[in-house]
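Q: The sequence shown begins at 37 in our numbering and counts up one residue at a time. The beta-carbon is built from N, C-alpha and C at its ideal position, and this holds for glycine as well.
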Amino acid sequence: MARDGQGLEVSNAGAEAIASLDFLRDEWRLSFGNRLAEFVAAADKEASCALLPVMAANLVLSMNADEGRTAARKYLARANALATSANAREQAWLATTAAWIDGDTDRCLKIHEDMAAEWPRDVLAGKLGQLHAFNCGDAESLLRIGERLFAANPDNRYVHAMYAFGLEECNRLDEAEKIARAALAIDRRDPWAHHAVAHCLEARGKMLEGVAFLESVSDTWEVCNSFMYTHNWWHLALFLIDLDRADEALALFDKRVWGVWKEFCEDQINAVSLLARLELRGVDVGGRWTDVATYLKPRLHEHFVPFLDLQYLYGLARAGELSAVTEMLASLEDRAEDAKPFEREAWADCTVPAAHGLAAYAKGDHAEAARLLGQAMPHLQKIGGSIAQRSLFGAIHLDALMKSGWNDAALKILQADDRERPTVPWTKRSLGDLYRRVGRMEQALAAEYQAEQLSRQYARGKAT
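And the structure:
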């Protein structure tokens, strides 16, 4: 029986099929390349190897779009027809693909965890397992998969980056950065390792270092697919916002973050998140919401990942698409009613109140937004996304608290933020404002002084 580049047996595979599978493994979820159409063409003409249409099904499912699910069903039917002599690993691939199509992400993740334990050399299975863990907000599973792959593939720089991201999402930042930088010592071009380092630096509030690091490797992103290209530039924009360089972040939105593949969900949420964060810092983003909303309107009833839905809804709300927002809120309530037991917390306890809270915030009803988002916050991890991405909803909740006069609650959040990241001038200024509101003038003056000192320090850093 033929074996792929990982040494894994592949049923009914000729040399071309093996080459296509190896190409997909490296190009898709590892190097985040932009030549995936070549694999789809190979899968479409494959007549004997079941793994090619299985992988094509997973590829189109990752687009998080209705047409992807429709195409995936056709690919899976072809794969099943070719799978009469499928081995155990291939049968696991068939099972997890069927579960993904059916929306049974709990079973899907369980199969991928089992695959990581049984076949840790199947790096693509591990990578997709991490994707499912990410979408379920299961940081522990994300890390377990990374650990198993790392133990079996200690020289694989892609696996270093996968393991590092799992460590970061479990707040093991020192280990995560060390492992990610080890990947870059093997090859500086690894975009997922860049991403993991960016997460670690952002979590510590090391903004100048973050800008310098990402700019030093940004030349390697030109060959990445739109998700990885726009997302790493999005991370750079976050550092710039915290450095009080919002004008540069807005320029990155126009030049790097929005416009590569406007129809793709990941590009859309990068755009929504960046515009929202800029507005929270007082930036007028002009008519940009209108353009983004054009591409969000077809997604009102998709409901693949709640983390995605909340950003779609907020983008529509900020663009003033009131009828679309009303329709999507009703659709989200229906989705929550139909939620399976393992996903009820994500949809019913978090997504529905958060969605209504975001809609309230977008129209200026800050007290209602604070109340509803406050209900959702304890369940936020379950909606999926990374710590850094989910922080947008916490930031909107905080702004709603401050604008509706819930000073004590806002102060608690800001003090916690300042303890974790004591280097952000905006946090210090906000603390100063709240301290003044509650009559704590000495602390207000201290926070304002610290904000001014940080701003001067960053201005000098920019000049040098």
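#1: Please classify residue 236: does DSSP put it in a helix, a strand, or coil?
#2: Does the beta-carbon of residue 119 have 16 or more other beta-carbons within 10 angstroms, so that it is buried, or is it exposed?
#3: Terminal residues of the continuous alpha helix (DSSP H) containing residue 306?
#4: Determine the extent of the alpha helix (DSSP H) in which residue 29 is found, giving its start and end residues.
#5: I need the straight-line Cα distance from residue 99 to residue 475, nearest angstrom please.
#6: Would you say the stretch 173-180 touches the stretch 413-427, given that touching needs at least three Cβ pairs under 8 angstroms?
#7: Grab me the residues of residue 315's own chain with a C-beta within less than 7 angstroms of its C-beta, minus the 5 sequence neighbours each way, in chain order.
#8: Quick one: is residue 243 buried, meaning 16 or more other Cβ sit within 10 Å of its Cβ, or exposed?
#9: Taking only three categories from DSSP, how would you classify residue 260?
#10: Give the C-beta separation of residue 184 and residue 156 to the nearest angstrom, bearing in mind that I take them to be a contact with Cβ-Cβ under 8 angstroms.
#11: Assign residue 246 to one of three DSSP states: helix, strand, or coil.
#12: Assuming residue 483 contacts residue 471 under a Cβ cut-off of 8 angstroms, what Cβ separation, rounded to an integer in Å, is found between them?
#13: When DSSP labels each residue in this structure, what does residue 369 get in the three-state scheme?
#14: Could you spell out the range, first to last residue, of the alpha helix (DSSP H) harbouring residue 459?
#15: Is DSSP giving residue 474 helix, strand or coil here?
#16: Please report the Cβ distance between residue 491 and residue 327, rounded to the nearest whole angstrom; I am assuming they are in contact, meaning their Cβ atoms lie under 8 angstroms.
#17: What residues match up with residue 51 in a beta bridge as DSSP calls it?
#18: With residue 177 as the anchor, note down where its alpha helix (DSSP H) starts and where it stops.
#19: Please list the terminal residues of the continuous alpha helix (DSSP H) segment that includes residue 144.
#20: DSSP on residue 69, reduced to helix/strand/coil?
#21: Can you tell me whether DSSP reads residue 225 as helix, strand or coil?
#22: Alpha carbon to alpha carbon, what distance is there between residue 398 and residue 359?
#23: Hey, could you find the ends of the alpha helix (DSSP H) residue 379 is sitting in?
#24: What does the alpha-carbon distance come out to for the pair residue 304 and residue 340?
#25: Assuming residue 122 and residue 153 are in contact, meaning their beta carbons sit under 8 angstroms apart, how far apart are those beta carbons, in whole angstroms?
A: The relevant details are as follows:
#1: Start at 1 with the first residue of the sequence shown, and residue 236 comes out as number 200. In the structure shown, residue 236 sits in a helix (DSSP, three-state: H, G or I).
#2: Position 83 of the sequence shown holds residue 119. Buried is the call here.
#3: Here residue 306 refers to the residue found at position 270 when the sequence shown is read from its first residue. 301-316 is the span of the alpha helix (DSSP H), which, as asked, contains residue 306.
#4: Absent from the model: residue 29. The displayed extent of the chain is 37 to 500, so no value can be given.
#5: Along the sequence shown, read from residue 1 onward, the residue named residue 99 stands at position 63. Along the sequence shown, read from residue 1 onward, the residue named residue 475 stands at position 439. Going from the Cα of residue 99 to the Cα of residue 475 covers about 51 angstroms.
#6: Taking a cut-off of 8 angstroms on C-beta distances, the stretch 173-180 touches the stretch 413-427, as three or more cross pairs fall below it.
#7: Stepping through the sequence shown from its first residue, residue 315 is reached at position 279. Hits under 7 angstroms: 321.
#8: As a first step, residue 243 must be located in the sequence shown, where it is residue number 207. Counting the other CB atoms within 10 Å of its CB gives residue 243 a total of 16 or more, which places it among the buried residues.
#9: Counting from 1 along the sequence shown, the entry for residue 260 is found at position 224. If DSSP states are grouped into helix, strand and coil, residue 260 belongs with the strands.
#10: The count along the sequence shown starts at 1 and reaches residue 184 at position 148. The count along the sequence shown starts at 1 and reaches residue 156 at position 120. About 5 angstroms separates the two Cβ atoms, so the contact holds.
#11: Counted from its first residue, the sequence shown places residue 246 at position 210. Reduced to three states, the DSSP call for residue 246 is helix.
#12: Taking the first residue of the sequence shown as position 1, residue 483 is located at position 447. Taking the first residue of the sequence shown as position 1, residue 471 is located at position 435. Yes, residue 483 and residue 471 are in contact; Cβ-Cβ is about 6 angstroms, under 8 angstroms.
#13: By 1-based counting over the sequence shown, the position of residue 369 is 333. Annotated three-state conformation of residue 369 is helix, per DSSP.
#14: If you number the sequence shown from 1, residue 459 lands on position 423. Neither: residue 459 is in no alpha helix (DSSP H) and is coded neither H nor E.
#15: Locating residue 474 in the sequence shown gives position 438, where the first residue counts as 1. Correct three-state label for residue 474: coil.
#16: Position 455 of the sequence shown, counted from the start, is the residue given in the question as residue 491. Position 291 of the sequence shown, counted from the start, is the residue given in the question as residue 327. Between residue 491 and residue 327, the beta carbon gap of about 32 angstroms keeps them out of contact (Cβ cut-off 8 angstroms).
#17: Counting from one through the sequence shown, the residue named residue 51 turns up at place 15. Beta-bridge analysis with DSSP links residue 51 to no other residue.
#18: Numbered from 1 along the sequence shown, position 141 holds the residue referred to as residue 177. Where residue 177 is concerned, the enclosing alpha helix (DSSP H) stretches over 175-188.
#19: Looking up residue 144 in the sequence shown gives position 108. Secondary structure note for residue 144: its alpha helix (DSSP H) is the uninterrupted segment 141-154.
#20: On the sequence shown, residue 69 is found 33 positions in, with the first residue counted as 1. Under the three-state reduction of DSSP output, residue 69 falls in the strand class.
#21: Numbered from 1 along the sequence shown, position 189 holds the residue referred to as residue 225. In this structure, residue 225 counts as coil in the three-state DSSP scheme.
#22: Position 323 of the sequence shown holds residue 359. Position 362 of the sequence shown holds residue 398. Roughly 14 angstroms between the two C-alpha positions.
#23: Within the sequence shown, residue 379 is the residue found at index 343, counting from 1. Per DSSP, residue 379 lies in no alpha helix (DSSP H) and is assigned neither H nor E.
#24: For the purposes of this step, residue 304 is taken as the residue at position 268 of the sequence shown. For the purposes of this step, residue 340 is taken as the residue at position 304 of the sequence shown. Rounded to whole angstroms, the gap between the alpha carbons of residue 304 and residue 340 is 15 angstroms.
#25: As a first step, residue 122 must be located in the sequence shown, where it is residue number 86. As a first step, residue 153 must be located in the sequence shown, where it is residue number 117. Their Cβ separation, rounded to whole angstroms, is 19 angstroms, which puts residue 122 and residue 153 out of contact at 8 angstroms.
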